[in-house]
Amino acid sequence: MALPKGKTLESMRKLRSRVQEEEKEEEPVIENDDGTISGEVYGARLESLLKEVDVNFELEPEAQELVLRMTEDFVNRVTRRAAAYAKHRKSSTLDAVDLQLCLEKHWNINVPGLPSQRAKAAFAYRRPTEKKAPPGKKRKTTTTTPAAAPAF
Numbered sequence: 001m002a003l004p005k006g007k008t009l010e011s012m013r014k015l016r017s018r019v020q021e022e023e024k025e026e027e028p029v030i031e032n033d034d035g036t037i038s039g040e041v042y043g044a045r046l047e048s049l050l051k052e053v054d055v056n057f058e059l060e061p062e063a064q065e066l067v068l069r070m071t072e073d074f075v076n077r078v079t080r081r082a083a084a085y086a087k088h089r090k091s092s093t094l095d096a097v098d099l100q101l102c103l104e105k106h107w108n109i110n111v112p113g114l115p116s117q118r119a120k121a122a123f124a125y126r127r128p129t130e131k132k133a134p135p136g137k138k139r140k141t142t143t144t145t146p147a148a149a150p151a152f
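For the sequence shown, position 120 matches number 120 in the UniProt record's numbering, and the numbering has no gaps at all.
The following block contains the structure:
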């Protein structure tokens, strides 16, 4: 795999270790402006989403809590890694490109509406293929005959 232009292997290793250290840190509980915890709001949204899929479906509170924790953990990981990418390119703002790169690289998730970063990379590093002769034409090949070969 080729390194980004102007980056060394050591700088990429430092970035990776920094991102892994940040993932290990715990996030405090965040309260919304109206005093509710963010999980409560997401729980209500999760229930409404499940009702759209199946009206009779009931999710147990423990399962709902587990799904919400997994979702929050995923969002935190993506945000941290994307912020590290933005910081690595010396930007003070988190752009959609950073999130897209993180999702494609670590979770193989393509974001609709944005051009894929992997398609560009695959095209840039593709090996040249052998050109085929058009139909009806033969490729010139160089062969040596035994008579033309030098004698030793």
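C-beta: ideal position from N, C-alpha, C; glycine also.
Predicted model, so just to flag it, every value in this text is computed and none were measured.
Suppose contacts are defined by Cβ-Cβ distances below 8 Å. Is residue i in contact with residue j by that definition?
i: residue 68; j: residue 50; result: no
i: residue 103; j: residue 78; result: yes
i: residue 88; j: residue 15; result: yes
I'd like the list of long-range same chain contacts for residue i, defined as Cβ closer than 6 Å, with 5 residues on each side in sequence excluded.
i: residue 83; result: 94
i: residue 92; result: none
Could you round the C-beta distance between residue i and residue j to whole angstroms and report it? I think they count as a contact, below 8 Å.
i: residue 43; j: residue 20; result: That pair is no contact at about 30 Å.
Would you say residue i touches the ligand FAD, meaning its beta carbon is less than 7 Å from a heavy atom?
i: residue 13; result: For the ligand FAD, the structure offers nothing, since it holds no ligand at all.
Run the CB neighbour count on residue i, radius 10 Å, all protein chains shown included, and call it buried at 16 or more, exposed below.
i: residue 54; result: exposed
i: residue 86; result: buried
i: residue 13; result: exposed
In chain order, what residues of the same chain lie with their CB nearer than 8 Å to the CB of residue i, ignoring the 5 residues before and after it?
i: residue 109; result: 103
i: residue 96; result: 111, 114
Rounding to the nearest angstrom, what Cα-Cα distance links residue i and residue j in this structure?
i: residue 98; j: residue 66; result: 28 Å
i: residue 132; j: residue 11; result: 42 Å
i: residue 129; j: residue 101; result: 28 Å
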